[in-house]
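When the sequence shown is numbered by our numbering, its final residue is 252 and no position is left out of the sequence of numbers.
Note that beta-carbon positions come from the ideal geometry of N, C-alpha and C, so glycine has one too.
Note that the coordinates shown come from a computational prediction; the quantities given were computed from them, not determined experimentally.
These notes concern the structure reproduced below.
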Amino acid sequence: MLRLTSNGNLYIYTYIDLPGNNGSNVWLETFSAFSRERGGSECSIPEKCGSFGLCEDNQCVACPTPNGLLGWNKKCKLPKIPSCNNASTEVNLGYFRVKEVGNYLPLLGDDIEGEGPMTISECMEKCSNDCKCVGFFYRYDWSKRCWISSQLNTMTRRGFTTFVDAYIKYAK
């Protein structure tokens, strides 16, 4: 049986017929897509930390905010930003930075998606002009790539330099 859980992990279960157990049978987990035993990281599960959070060493460790990293809890959410439909008010947008992170999407290799090269300012402008953008990842090495995102979910801090920072949009 194949099962996709609400946090984004994928499991395979096998039905086992137990001999000599009066017909008792069980479902055993035989595969997990983000298993520590397979060398994976639970931080790669899209919603390991719910709708927003920072994961390190398989644990949700922080809730990024404009005032810095706070202790993570289940109430951690992206900052509210006004909808684009509200044209009557001018919104002053800002971005806060979360250093050296990635997320469940393949952002950290040489095949990073996104556009570039471009400056951080150009990337901020692109995100600010996109109603669906809640933030972006910026690769600050030689490639200067920008990847805007409509959802961030769990961001992962790895134990090595990734040359990727996240910038989260918020209303000032």
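Compute the Euclidean distance between the alpha carbons of V141 and S121, then round it to the nearest angstrom. 14 Å
Residue span of the beta strand (DSSP E) that contains K249, given as start and end: V244 to A251
Burial state of C207, where buried means 16 or more other Cβ atoms lie within 10 Å: buried
I200 - DSSP class collapsed to helix/strand/coil: helix
The beta strand (DSSP E) enclosing V181, as first and last residue numbers: V181 to N183
For the structure I just gave you, are there three or more beta carbon pairs, one from the region 205-223 and one from the region 137-154, closer than 8 Å? Short answer: they don't touch.
Using alpha carbons as the reference points, say which of S229, Y247, K157 and M235 lies closest to L173. Y247
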